[in-house]
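Colleague: Here our numbering is used: the first residue of the sequence shown is 5, the next is one more, and so on.
We treat Cβ as the ideally placed atom computed from N, Cα and C, and that holds for glycine.
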Amino acid sequence: MKNLIDLVKQYRGLRKEVYIIFIARIVNSMGCFVYPLLALIMTQKLGLSTARAGTLITIVSAFSGLSLMIGGKVADTFGRKRVILLFQGAAAVVFIVCGFLKPDISLVYFIMAAPILNSIAQPAQDAMIIDLADPEKRREAFSLLYMGHNLGFAIGPVIGGILYRSHLPLVFIGDGLTTIASLTLLAIFVKETINSDEDRIKTEERVLERSEKGSVFSVLLKRPILLYFALIMFVYQFSYAQWGFTLPLQLGKIYGTYGGTNYGILGGINGAVVICLTPVIVRLTHSIKPLFIMGFGGLMYAVAFGSFAFIKTMPLFIMFIIIMTVGEISISINGSAFAANHTPASHRGRVSAAIQLIFGVGSAISPMIMGKYITVKSISSGWMLICAIMIVSSSFMFLLSKMDKTIEVKEEKLSNLSN
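(1) With distances taken from CA atoms, which of Phe104, Lys141, Ser68 is nearest Leu174?
(2) For Leu231, collect the residues of the same chain with a Cβ closer than 6 Å to its Cβ; drop the 5 residues on either side in sequence, then sort them by chain order.
(3) By Cβ distance, which residues of its chain are closer than 7 Å to Met401, with the 5 residues on each side in sequence left out?
(4) Leaving out five residues on either side along the sequence, give the residues of the same chain with a beta carbon under 7 Å from the beta carbon of Ile279.
(5) Could you name the residues of the same chain whose beta carbon sits closer than 7 Å to that of Val64, not counting the 5 residues immediately before and after it, in chain order?
(6) In three-state DSSP terms, what is Gln254?
(7) Within 10 Å of its beta-carbon, does Ala125 have 16 or more other beta-carbons around it, so buried, or fewer, so exposed?
(8) Helix, strand or coil, according to DSSP, for Arg86 in the structure here?
(9) DSSP state of Tyr39, grouped into three classes?
(10) Are there 16 or more other CB atoms within 10 angstroms of the CB of Phe221, so buried, or fewer, so exposed?
(11) Let's test the definition: count the other Cβ atoms within 10 Å of the Cβ of Val396 and tell me whether it reaches 16, buried, or not, exposed.
(12) Where does Ile335 sit, in a helix, a strand or coil, going by DSSP?
(13) Does the beta-carbon of Arg16 have 16 or more other beta-carbons within 10 angstroms, so that it is buried, or is it exposed?
(14) Entirely within the segment 211-239 and at least 4 residues each: give me those alpha helix (DSSP H) ranges in chain order.
(15) What is the rounded straight-line gap between the Cα of Phe309 and the Cα of Ser53?
(16) Which residue marks the beginning of the alpha helix (DSSP H) containing Phe309, and which one marks its end?
(17) Hey, would you say Ile229 sits closer than 8 Å to His351, going by beta carbons?
(18) Mapping the DSSP letters down to three states, classify Trp137 as helix, strand or coil.
(19) Need the endpoints of the alpha helix (DSSP H) that Leu50 sits in, please.
(20) Which of helix, strand or coil does DSSP assign to Asn32?
(21) Which value, in whole angstroms, describes the spacing of the CA atoms of Ile137 and Ile205?
(22) Which runs of the alpha helix (DSSP H), 4 residues or longer, sit entirely within the segment 319-399?
(23) Please report the distance separating the alpha-carbon of Arg354 from that of Arg227.
(24) Please list the terminal residues of the continuous alpha helix (DSSP H) segment that includes Asp179.
(25) Taking Cβ to Cβ, would you say Ala180 is nearer than 8 Å to Ile109?
(26) With hydrogens ignored, establish whether the beta-carbon of Tyr15 is closer than 7 Å to any heavy atom of the ligand NAD.
(27) What do you get for Val269, buried or exposed, if any count of 16 or more other CB atoms within 10 angstroms of its CB means buried?
(28) Whose C-alpha, out of Leu148, Ile177, Phe312, is nearest the C-alpha of Arg29?
(29) With distances taken Cα to Cα, identify the nearest neighbour of Phe429 among Asn199, Thr329, Ala234, Ser336.
(30) In the DSSP assignment, find the alpha helix (DSSP H) that holds Arg142 and state where it starts and stops.
(31) Which residue from Phe321, Thr282, Met374 puts its Cα closest to that of Glu332?
(32) Starting from Arg287, trace the alpha helix (DSSP H) in both directions and tell me its first and last residue.
(33) Confirm, please, whether the CB-CB distance from Val31 to Ala185 is below 8 Å.
(34) Going by C-alpha to C-alpha distance, which of Arg287, Asn338, Leu404 sits closest to Ile9?
(35) Can you tell me whether Asp108 is helix, strand or coil according to DSSP?
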């Protein structure tokens, strides 16, 4: 009981807005029906080939990358809250419209519009959390919201997988309505956060977070570790994208029309493991450098994805999804906090967008490349390739962790000089 209380206590002391956003994330993710099933919707419901579905998903990701840069600029210029309400709300409306369209090629174009609109809001969401959380509590803040997403996600894909077989319109309508409900909480209970922590940055001598002038490119050039981090995460995201592309296709091949249902079950297990283990991992790794933990997470990806090449039964899929999720938790709760602590407050939206764009390209090209690869080779061969890629990229993440330690020493010296 004491251990459980200690796990909960580590989330005390966050600002009340963070807890509101946590609840909003749960509501939004409970209706996360469309994205987990996107590959199956395009192939099984709309009749597209695997290669064409992968190409279309890649096109969406490419436009989403441009939207990220636009979103980062407007978030740093006009504020976080209004950008989130406007563009995420528009994406919700698009999904509701999809629920009333016939399942043909015209539906594809509407489906493609929603993630592009959502991408504009994403840098504002990240910047808002950074505004609200002090450096020493950012890992806890990001992990709490990560749990909120997965608490809803433990339910959403299961419901989506059930609706997918016979009630496809409800998949879209339910997704849109839950997004609107979550935005209502944000609109009522969360104030604008831009420039809200400038005084604390100066008082606490957070050297790397001091506001700067110039473009986002000049800021990144002054902080090359962020670029190296993004390039490694490019590879991580390329590999992780197969959880949402190759795995549902593999399950569809093994289980037919029940592939979507089984994938929904795995998604639910993924979310449940996140909820149970995230507080434990945060507590156990609190004193360990974020990038070192992310290197460990990459190795967990390698183990899980390599194993997918050889298994065919649900119990084994469940076991290795749990291993994959341990890696996912280790990466997710540390990556955002690491980037935030190296970003000037004046450029939070833009730096977030630029970093996401770089490693988002990995997610973007992954379905297209792997879709063609597994068409020519096989799904098993694809998983083996991903395993090898993750072993190499994890090694680079461990090396980057050593570089980050050197930067921390320099920052401490600068802070002492300014005092």
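Modeller: Taking the definition as stated:
(1) Position 170 of the sequence shown holds residue 174. Minimum Cα distance to Leu174 is reached at Phe104.
(2) For the purposes of this step, residue 231 is taken as the residue at position 227 of the sequence shown. Taken in chain order, the residues that qualify are Leu224.
(3) Numbered from its first residue, the sequence shown carries residue 401 at position 397. Once the five neighbours on either side are set aside, the close Cβ partners of Met401 are Ile236, Leu295, Met298, Gly299, Gly302.
(4) Walking along the sequence shown from the start, residue 279 turns up at place 275. If we look at Ile279 and ignore the five residues flanking it on each side, its Cβ neighbours are Met151, Asn154, Leu155, Ala158.
(5) As a position in the sequence shown, residue 64 is number 60, starting the count at 1. Excluding residues within five positions, the ones whose Cβ falls inside 7 Å are Met116, Pro119, Ile120.
(6) Working through the sequence shown from its first residue, we reach residue 254 at position 250. It is helical.
(7) Indexing the sequence shown from 1 puts residue 125 at position 121. Under this definition Ala125 is a buried residue.
(8) Taking the sequence shown and counting its residues from 1, one reaches residue 86 at position 82. If DSSP states are grouped into helix, strand and coil, Arg86 belongs with the helices.
(9) Taking the sequence shown and counting its residues from 1, the one referred to as residue 39 is at position 35. In this structure, Tyr39 counts as helix in the three-state DSSP scheme.
(10) For the purposes of this step, residue 221 is identified with residue 217 of the sequence shown, where counting begins at 1. Exposed, because fewer than 16 other Cβ atoms sit within 10 Å of the Cβ of Phe221.
(11) Translated into positions along the sequence shown, residue 396 becomes position 392. Classification for Val396: exposed.
(12) By 1-based counting over the sequence shown, the position of residue 335 is 331. When DSSP states are grouped into helix, strand and coil, Ile335 belongs to the helix group.
(13) On the sequence shown, position 12 is the one that residue 16 refers to. Here Arg16 is exposed: its Cβ has fewer than 16 other Cβ atoms, across all protein chains shown, within 10 Å.
(14) Along the segment 211-239, the alpha helix (DSSP H) occurs as fully enclosed runs of 4 or more residues at 220-226, listed in sequence order.
(15) If you number the sequence shown from 1, residue 309 lands on position 305. If you number the sequence shown from 1, residue 53 lands on position 49. In this structure, the straight-line span from the alpha carbon of Phe309 to that of Ser53 is close to 23 Å.
(16) Counted from its first residue, the sequence shown places residue 309 at position 305. Residues 294-312.
(17) Counting from 1 along the sequence shown, the entry for residue 229 is found at position 225. Counting from 1 along the sequence shown, the entry for residue 351 is found at position 347. In this structure, the beta-carbon distance from Ile229 to His351 does not fall below 8 Å.
(18) The sequence position of residue 137 within the sequence shown is 133, counting from 1. Note on identity: in this sequence residue 137 is Ala, with Trp being the wrong assignment. Ala137: coil per DSSP, three-state reduction.
(19) Residue 50 sits at position 46 when you count from the first residue of the sequence shown. Note, Leu50: premise wrong, no alpha helix (DSSP H); not H, not E.
(20) Along the sequence shown, read from residue 1 onward, the residue named residue 32 stands at position 28. Correct three-state label for Asn32: helix.
(21) In the sequence shown, counting from the first residue as 1, residue 137 sits at position 133. In the sequence shown, counting from the first residue as 1, residue 205 sits at position 201. At residue 137 the sequence reads Ala, which differs from the Ile that was named. Their Cα atoms are separated by approximately 12 Å.
(22) Runs found: 352-380.
(23) By one-based count along the sequence shown, residue 354 stands at place 350. By one-based count along the sequence shown, residue 227 stands at place 223. Going from the Cα of Arg354 to the Cα of Arg227 covers about 14 Å.
(24) Position 175 of the sequence shown, counting from 1, holds the residue named residue 179. Counting along the chain, the alpha helix (DSSP H) containing Asp179 begins and ends at 172-193.
(25) By 1-based counting over the sequence shown, the position of residue 180 is 176. By 1-based counting over the sequence shown, the position of residue 109 is 105. Note that residue 180 is Gly in the sequence shown here, rather than Ala. Cβ atoms of Gly180 and Ile109: not closer than 8 Å.
(26) Ligands in the displayed structure: none, and consequently the ligand NAD is not present.
(27) Residue 269 sits at position 265 when you count from the first residue of the sequence shown. The sequence shown places Ile at residue 269, rather than the Val named in the question. So Ile269 ends up on the buried side.
(28) Looking up residue 29 in the sequence shown gives position 25. Checking every option, the nearest Cα to that of Arg29 belongs to Leu148.
(29) For residue 429 there is no data in the structure shown, the boundaries of the chain being 5 and 423.
(30) Along the sequence shown, one-based indexing puts residue 142 at 138. That run of the alpha helix (DSSP H) goes 142-157.
(31) The residue you call residue 332 lines up with position 328 of the sequence shown. Checked all of Phe321, Thr282, Met374; the closest Cα to Glu332 is Thr282.
(32) Against the sequence shown, residue 287 aligns to sequence position 283. Note, Arg287: alpha helix (DSSP H), 263-288.
(33) If you number the sequence shown from 1, residue 185 lands on position 181. If you number the sequence shown from 1, residue 31 lands on position 27. With a cutoff of 8 Å on beta-carbon distance, Ala185 and Val31 are scored as near each other.
(34) For this step, residue 9 is matched to residue 5 along the sequence shown. It is Arg287.
(35) Within the sequence shown, the letter at position 104 stands for residue 108. Coil, per DSSP.
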